[in-house]
Amino acid sequence: MLIPPDMLVYVPLLAALVVAAVTDLRERRIFNWLTFGLALAGLIQSFAGSYLPEALAPAFTVSAGMSVAGLCVGFALTFILFAIGGLGGGDVKLLAAVGAWVGPVPVLFIFAAEAVIGMLIVLGQATTQGKLRALFKNSAMVAVNMANVNHLGVEHVVSTGQACRSIDRPLPYAVPVLLATLMLFGLRWWGV
């Protein structure tokens, strides 16, 4: 089955996510040139698409307004986790860039799906490293601290989160983002 033309416009997004996943796996880093380039390309293609005739509608992914909204939603969802030390800056920029390509509602789906996928990866890592019990204990401690952030202060919650890292290598965030994005496109492709 051929890829529908309306899915072809996402090839640059998927290519960039593959690069991000590979570099994140190898170096636990997502490069700024990649995330900024991806976000800029998402915004440019949506703004350019706003000026194209309807016959070329598949030439862009979302409207200009939806692109900006998706970028903002992707940023907001992950910035909170970044602020408490749960994600790196590249992770925040990556989901914001994805939002610029897909819009606000799909980026919410990707965020939710990548959280589940990421959780499964972390559980697998902890199990293979023999640290599953420590992961659950530390996760409970962080959750209690986050629930009491008003009383404990953000600095205490952040330091507790950093002290509770029980897995040797942190989760390569770009991998679950890539998988969640592929899941979203698979659902679209099959008309779900």
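This note's numbering numbers the first residue of the sequence shown as 4 and each following residue consecutively. Built from N, CA and C at the ideal position, the CB exists for glycine as well.
Helix, strand or coil for residue i per DSSP?
| i | result |
| --- | --- |
| GLY87 | Note that residue 87 is Ile in the sequence shown here, rather than Gly. Note: ILE87 maps to coil in three-state DSSP. |
| LEU98 | helix |
| VAL178 | helix |
| VAL65 | coil |
| ILE124 | helix |
| LYS140 | helix |
| GLN132 | coil |
| GLY93 | helix |
| ALA146 | helix |
| PHE34 | coil |
| VAL12 | coil |
| GLY40 | helix |
| GLY106 | coil |
Does the beta-carbon distance from residue i to residue j come in below 8 Å?
| i | j | result |
| --- | --- | --- |
| PHE63 | GLY52 | yes |
| LEU97 | ILE33 | yes |
| LEU37 | VAL25 | no |
| GLY106 | ALA72 | yes |
| PHE82 | VAL101 | no |
| ALA116 | MET186 | yes |
| PRO175 | ARG31 | yes |
| ALA18 | ILE120 | no |
| PHE78 | ALA67 | no |
| TRP188 | MET10 | Residue 188 is actually Phe in this sequence, not Trp. Yes, Cβ-Cβ distance for PHE188 and MET10 is below 8 Å. |
What whole-angstrom Cβ distance do residue i and residue j have, given they're in contact under 8 Å?
| i | j | result |
| --- | --- | --- |
| ALA42 | PRO15 | About 12 Å separates the two Cβ atoms, so there is no contact after all. |
| LEU20 | LEU181 | 4 Å |
| VAL76 | LEU111 | 7 Å |
| LEU74 | PHE114 | That belief does not hold up - the Cβ atoms of LEU74 and PHE114 are roughly 13 Å apart, past 8 Å. |
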